[in-house]
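Quick note: the sequence shown uses the numbering used here, first residue 149, plus one each step. Ideal placement from N, C-alpha and C gives every residue a C-beta, glycine not left out. Everything below concerns the one structure shown next.
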Amino acid sequence: MARDDRRDGREQGRDDRGRRVRPRHDARDVQRVEGEAGAGRSCRRRRHERGDEALHRGSEGFRRNALSDPRHRAAGGGLSRRLQDGVARRCPRGGREVRAHRTGRRVGSGRPSRFGAGVTREVTGAPLAAEAVANRSPAVPGSLWDGASAAGSPRAEPDVAIPHVVAWNLTRRCNLACAHCYISAGSWHADGDELDTAACFRVIDQILETSPSPLLILSGGEPLVRSDLEEIAAYAAERGATVTVGTNGTGLTDERIASLKAAGVQGVALSVDSLDSRYHDRFRHGEGALEDTLAAVDRLAEHRLDFLIQFTVTRGNRDELDAIAAWADAKGAVCLNVYFLVETGRGEGMRGLAPEENDEIVARLAELQRDYRGRLMIRSKCQPQLMRHVYERDPDSPLLNYRTRCPCGVQYCRITPEGKVTPCPYMPEVAGDLAEASFGEIWREATVFRLLREGEPGGKCGRCEYRALCGGCRARAYAVDGDLLGPDSSCAYEPAPGIAPAIEPRQPVTYGSAVERELPWSAEAATRLNAIPSFVRGVVSERVEKFARERGHAEVTVDVMTEVRRAMPVDFSKRIPFFARSRRSAGRGEKR
Numbered sequence: 149m150a151r152d153d154r155r156d157g158r159e160q161g162r163d164d165r166g167r168r169v170r171p172r173h174d175a176r177d178v179q180r181v182e183g184e185a186g187a188g189r190s191c192r193r194r195r196h197e198r199g200d201e202a203l204h205r206g207s208e209g210f211r212r213n214a215l216s217d218p219r220h221r222a223a224g225g226g227l228s229r230r231l232q233d234g235v236a237r238r239c240p241r242g243g244r245e246v247r248a249h250r251t252g253r254r255v256g257s258g259r260p261s262r263f264g265a266g267v268t269r270e271v272t273g274a275p276l277a278a279e280a281v282a283n284r285s286p287a288v289p290g291s292l293w294d295g296a297s298a299a300g301s302p303r304a305e306p307d308v309a310i311p312h313v314v315a316w317n318l319t320r321r322c323n324l325a326c327a328h329c330y331i332s333a334g335s336w337h338a339d340g341d342e343l344d345t346a347a348c349f350r351v352i353d354q355i356l357e358t359s360p361s362p363l364l365i366l367s368g369g370e371p372l373v374r375s376d377l378e379e380i381a382a383y384a385a386e387r388g389a390t391v392t393v394g395t396n397g398t399g400l401t402d403e404r405i406a407s408l409k410a411a412g413v414q415g416v417a418l419s420v421d422s423l424d425s426r427y428h429d430r431f432r433h434g435e436g437a438l439e440d441t442l443a444a445v446d447r448l449a450e451h452r453l454d455f456l457i458q459f460t461v462t463r464g465n466r467d468e469l470d471a472i473a474a475w476a477d478a479k480g481a482v483c484l485n486v487y488f489l490v491e492t493g494r495g496e497g498m499r500g501l502a503p504e505e506n507d508e509i510v511a512r513l514a515e516l517q518r519d520y521r522g523r524l525m526i527r528s529k530c531q532p533q534l535m536r537h538v539y540e541r542d543p544d545s546p547l548l549n550y551r552t553r554c555p556c557g558v559q560y561c562r563i564t565p566e567g568k569v570t571p572c573p574y575m576p577e578v579a580g581d582l583a584e585a586s587f588g589e590i591w592r593e594a595t596v597f598r599l600l601r602e603g604e605p606g607g608k609c610g611r612c613e614y615r616a617l618c619g620g621c622r623a624r625a626y627a628v629d630g631d632l633l634g635p636d637s638s639c640a641y642e643p644a645p646g647i648a649p650a651i652e653p654r655q656p657v658t659y660g661s662a663v664e665r666e667l668p669w670s671a672e673a674a675t676r677l678n679a680i681p682s683f684v685r686g687v688v689s690e691r692v693e694k695f696a697r698e699r700g701h702a703e704v705t706v707d708v709m710t711e712v713r714r715a716m717p718v719d720f721s722k723r724i725p726f727f728a729r730s731r732r733s734a735g736r737g738e739k740r
């Protein structure tokens, strides 16, 4: 039988039990992709489906632990059992780390400790039980936290630990079922476990108390399935957040784009995994998906609503990287984000690229970001090794001005549809439940966040000379070994033995909302500056004042900001709207 399951009227095939029939995925990318419907589905596949759903959703709604698997949650903001296992496996003894079970039983030896002398003194030659490591307070002298700080510079000072970017999965419902989806989204999910509109408003208030002008990314699942999406976006935008929406694009009609723009949405991220519909539609399990998304790109350009392209690189589409970059540039995209698989959610069944393959692709990305500079930003996601290649190939890149290490838990976090807070979308370790504590309390006090901020990566990531620029992906270390501070297994680079001096950013600009003004700003110019997302406000202030001083201006005014905009290599007036207008006047449905 067939049912109308798409907004565009196309029929979506289903079997006689009402389950959607999807084609087999490209075997080069997925080891265990079988039909999601039909009686031929293997028991192993059904077990994984149930496991994914239980892992991410839980059985009793957002007022209980949404991530019901005890490996991924802990009471009172402590570390989960799985993370305790990963952290406590490294217990220093005699200059080496001793792997220990949660009970303290040694099970083997490992690499040199990253925690330094503080922990070594406390262990006194014996393996340390997991609970004795994982549940320490940062205030306890000689604890894990002191040892981590002694091993290297802290990840962030207390006044820098602000959630500048919050990714919010508003729903698990989706009209597609992408092979790599970290949240295992699909059409079979119900809306009963999602935070309702009023609860979302309360969460937004709590976020803004902690970070006055964050970048708020509203995604899913497919966020367009929520009829209150515009209400949520408008509530956040009117109170100072910069709001963007992440979507597969299949439901972006002209009317919906105008509605999002009127709500104050500043940009839209669309997923395009190939310009070949045979690959894209198979990867995302939706016939005609690419056609709909490409049409949405054209509509966004017509409405002059900023958009960026999300591209997940696999063995099946890696040869399209150059073509995707050229296409995104031609269409007027602000940015091309190239994602590398983190094996979590439905992506747990995929085979990621080998480290050598990753290295080759990242090297090409370093060249592309140089070639498209001033026209299209090109960035890697979940692959901070890009910084090593940029350092080697493009020493003038502005990327080298920043501390670009993995931001999860330091400047970035994720909220699940049920109201759980995790360090990032690819890391299901629950830091806290918004039904039990406020966002600010979770952000400031959760043990997993403190570990990410004050700990230093171990293994080769901890001794690599690029650790200040890169540091590896924390979500991948967690997915592979259950250790937030473990080495990133996707990296092919092998640093020399010993701990090399760290290569520091050329001009170590720290993301943050603190602004030290050296010139007076007019009231209107200051208002526009404060409308900028907090994580780039200091950088923008510095650049504008430098421009003003070089041209002999004694004060930063709106006219000076306009001059800055005109002096840019391309017209970024729509891409950086705070140079031209305030947020409140932006996007009330009119075309710019």
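Problem set entry | Candidates L484, T705, C612, E378: closest to K529 by CA position | L484
Problem set entry | DSSP state of C618 mapped onto helix, strand, coil | coil
Exercise. Near N506, what residues of its chain come up, given a Cβ to Cβ distance below 6 Å and the 5 sequence neighbours on each side ignored?
Worked result: S638
Exercise. Does DSSP put D421 in a helix, in a strand, or in coil?
Worked result: coil
For this session: Can you tell me which of R665, D629, C612, C326 puts its alpha carbon nearest to the alpha carbon of A640?
Result: C612
For this session: Given a cut-off of 8 Å, decide if V558 and K525 are closer than it, judged by their beta-carbon atoms.
Result: The sequence given here places Met at residue 525; Lys does not occur at that position. No; because the gap between Cβ atoms is not below 8 Å, this pair is not in contact.
Problem set entry | Beta-ladder partner(s) of K119, from DSSP | Residue 119 is absent from the model: the chain starts at 149 and stops at 740.
Exercise. Given 8 Å as the limit, is there contact between the region 534-546 and the region 503-518, that is, 3 or more CB pairs closer than that?
Worked result: yes
Exercise. Any contact of the region 483-501 with the region 453-463, i.e. 3+ C-beta pairs under 8 Å?
Worked result: yes
Problem set entry | Among N323, A471, T705, C554, nearest to D429 - alpha-carbon criterion | N323
For this session: Give a yes or no on contact between the region 495-510 and the region 603-619, applying the rule of three or more CB pairs nearer than 8 Å.
Result: no
Exercise. Can you name, in chain order, every residue of its own chain whose Cβ lies under 7 Å from the Cβ of A514, other than the five neighbours on each side?
Worked result: L534, H537, V538, R541, D542
For this session: Starting from the Cα of R654, find the closest Cα among A346, I472, L548, L453 and give me that residue.
Result: L548
Problem set entry | Contact belief for S367 with G394 at Cβ below 8 Å, rounded distance in angstroms | 3 Å
Exercise. Between the C-alpha atoms of R601 and R622, what's the straight-line distance to the nearest angstrom?
Worked result: 12 Å
Problem set entry | Length of the line joining the Cα atoms of G606 and G634 | 5 Å
For this session: Take the Cβ of G610 as the centre, count every other Cβ of all protein chains shown within 10 Å, and call the residue buried at 16 or more, exposed below.
Result: buried
Exercise. Alpha carbon to alpha carbon, what distance is there between R374 and L343?
Worked result: 11 Å
Problem set entry | Every unbroken beta strand (DSSP E) inside the region 406-484 [3 residues or more] | 413-419, 455-461
Problem set entry | Cα-Cα separation, V246 to D629 | Reliability of the predicted coordinates at V246 is poor, the pLDDT of 33 falling under 50, and the value obtained from them is presented with this limitation in mind. Spanning the two alpha carbons is a distance of roughly 16 Å.
Exercise. For K409, is the classification buried or exposed, using 16 other Cβ atoms within 10 angstroms of its Cβ as the cut-off for buried?
Worked result: buried
For this session: Report back the beta-carbon spacing between I355 and F587 to the nearest angstrom; my notes put them in contact at under 8 Å.
Result: 5 Å
Problem set entry | Other residues of its chain near H451: CB distance less than 8 Å, five sequence neighbours each side excluded | D402, I405, A406, K409, K739
Exercise. Exposed or buried, D707, counting other C-beta atoms within 10 Å across all chains shown (16 or more means buried)?
Worked result: exposed
For this session: Measuring alpha carbon to alpha carbon, tell me which of D376, A333, R321, E370 ends up nearest A346.
Result: D376
Exercise. Mind checking G779: buried by the 16 CB within 10 Å criterion, or exposed?
Worked result: Limits of the chain in this structure are 149 at one end and 740 at the other, which puts residue 779 out of reach.
For this session: Name, in chain order, the residues that DSSP records as bridge partners for S367.
Result: N317
Problem set entry | As assigned by DSSP and simplified to three states, the class of C556 | strand
Exercise. Beta carbon of R320, beta carbon of I310: below 8 Å?
Worked result: no
For this session: Give the DSSP-derived three-state secondary structure of T564 in the structure shown.
Result: coil
Exercise. Between which two residues does the beta strand (DSSP E) harbouring T390 extend?
Worked result: 390-395
Problem set entry | When T710, E693, A478, V351 are compared against E703, the one with the closest alpha-carbon | E693
For this session: Go through the region 323-389 residue by residue and report every complete run of the alpha helix (DSSP H) that reaches 4 residues or more, in order.
Result: 345-358, 377-386
Problem set entry | When C572, W316, Y560, G522 are compared against P546, the one with the closest alpha-carbon | G522
Problem set entry | Secondary structure of D581, DSSP reduced to three states | strand
For this session: Output the boundary residues of the alpha helix (DSSP H) element that contains R512.
Result: 503-519
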